[in-house]
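**Q** Each residue of the sequence shown is one higher than the last, beginning at 95 in our numbering.
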Amino acid sequence: WTYAKFLLAHERSGIAGVARSKRGIERLRNIAAQETVDGTPLLLTPDFARKISQLEIDLTALEFTELRTLASEAAGKGPGPESSILKVKGTEVQQRLTELTLEAVGHYGAPYAYGMDATGNGFGVGPDYSNYAAETYFNMRKTSIYGGSNEIQRNIITKMILGL
């Protein structure tokens, strides 16, 4: 059981996907700079800028938690509740990122049936960056389930911190 817990802790830390989320936010910023609302880039609208800023703050906090966890393990300490915290917060960041991306591409993000367009190339209408926005959004819902659901991870965190 000791080995299984060790492996699961490392799996959960990896699920956080900090680097992937950083690339995703960069992509989201590029999309939001190109999409407009009443002639103003979406990135410059107060509401959307606030959402991206909050996501970036959460991702920075997640990144520092990941770095603290790695430093702790490098010092010979075993994983604590941090791996579960990384999993929960990492998946929440990933899901919010896909929600904002879908919001940014607007109606271009509507799911479509492959091969149903007139050209037969398999892609829907709109800019290339809107391809797969809905599919990615729906696919990322699973991240809060695999590796131990977020609800179970919260119970693990509570037990480890309170010593139950």
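Just so you know, even glycine gets a beta-carbon here, dropped at the ideal spot from N, CA and C.
Which value, in whole angstroms, describes the spacing of the CA atoms of residue 170 and residue 164?
**A** Those two C-alpha atoms are separated by around 10 Å.
**Q** Is the CB-CB distance between residue 159 and residue 189 below 8 Å?
**A** Result no, Cβ atoms of residue 159 and residue 189 do not sit closer than 8 Å.
**Q** Starting from residue 140, trace the alpha helix (DSSP H) both ways and give me its first and last residue.
**A** 140 to 168 is the extent of the alpha helix (DSSP H) around residue 140.
**Q** Find out if the Cβ-Cβ distance for the pair residue 185, residue 233 is shorter than 8 Å.
**A** No, Cβ-Cβ distance for residue 185 and residue 233 is not below 8 Å.
**Q** I need the straight-line Cα distance from residue 162 to residue 106, nearest angstrom please.
**A** Each residue's Cα considered, the two are about 15 Å apart.
**Q** Only counting the same chain, and skipping five residues up and downstream in sequence, which positions put a Cβ closer than 7 Å to that of residue 149?
**A** Taken in chain order, the residues that qualify are 119, 187, 190, 191 and 194.
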